[in-house]
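Undergrad:
In the working numbering, the protein residues as written are 241 to 406.
#1: DSSP on residue 329, reduced to helix/strand/coil?
#2: Can you give me the Cβ contacts of residue 348 inside the same chain, cut-off strictly under 7 Å, excluding the 5 residues immediately before and after it?
#3: Which residue wins for smallest C-alpha separation from residue 254, given the options 282, 276, 387 and 384?
#4: Can you pull the DSSP bridge partners for residue 308?
#5: Measure the alpha-carbon distance for residue 259 versus residue 403 and round it to whole angstroms.
#6: On the criterion of 16 or more Cβ atoms from any shown chain inside 10 Å, does residue 309 qualify as buried, or is it exposed?
#7: Only counting the same chain, and skipping five residues up and downstream in sequence, which positions put a Cβ closer than 6 Å to that of residue 351?
#8: Could you compute how far the alpha carbon of residue 382 sits from the alpha carbon of residue 353?
#9: Flag this pair as touching only if the segment 384-391 and the segment 323-335 have three or more C-beta atom pairs under 8 Å; answer yes or no.
#10: Given that a residue counts as buried once 16 or more other Cβ atoms are within 10 Å of its Cβ, and exposed if not, what is residue 363?
#11: Is the beta carbon of residue 303 less than 8 Å from the beta carbon of residue 262?
#12: Give a single yes or no on whether residue 374 has its beta carbon closer than 7 Å to a heavy atom of the ligand SAM.
#13: Does the beta-carbon of residue 355 have 16 or more other beta-carbons within 10 angstroms, so that it is buried, or is it exposed?
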């Protein structure tokens, strides 16, 4: 929250679906940011291939213009592109090795057993939704009446792979 009080969005860039050359878009971003005072960040939301990350790394924005990359988490295969940015700051929705709680431990162990791979944030999200339903059904003694489930779930706390949710 403190960051948002001081932050200022100076440019948004939207590229067409299917873009394969990110140079022009990145140059427009650089042009808007390069002379701005203070710490400068870009954040990238992208889906599909190719990604803009190789071009961002190639342009060496931090070294040349003081522009850092900060982005959100992603599924593990997509995060391979982040290896080009050691020390990158950003947000994280879920990473299987971080939460230290019995629910996460059980989910991760079962996921490895079944799929020989770690779970991603979609798995954790689905598991959390399932935990909400199970908790509500326990509290209603299996009653599936819609209104009863809604009133039970309002303000209900339950354990998830990410910790307690309400």
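C-beta atoms are modelled at their ideal positions from N, C-alpha and C, and glycine is treated no differently.
This structure is a prediction, so every number in the text was calculated from the model and none was measured.
TA: Once the coordinates are examined:
#1: strand
#2: 336, 358 and 359
#3: 282
#4: 281
#5: Cα to Cα, residue 259 sits roughly 38 Å from residue 403.
#6: buried
#7: 359
#8: About 30 Å.
#9: no
#10: Taking all protein chains shown into account, residue 363 has 16 or more neighbouring C-beta atoms within 10 Å of its C-beta and is therefore buried.
#11: no
#12: Ligands are entirely absent from the displayed structure, and the ligand SAM is therefore not among its contents.
#13: Burial check for residue 355: the Cβ neighbour count within 10 Å stays below 16, so the residue is exposed.
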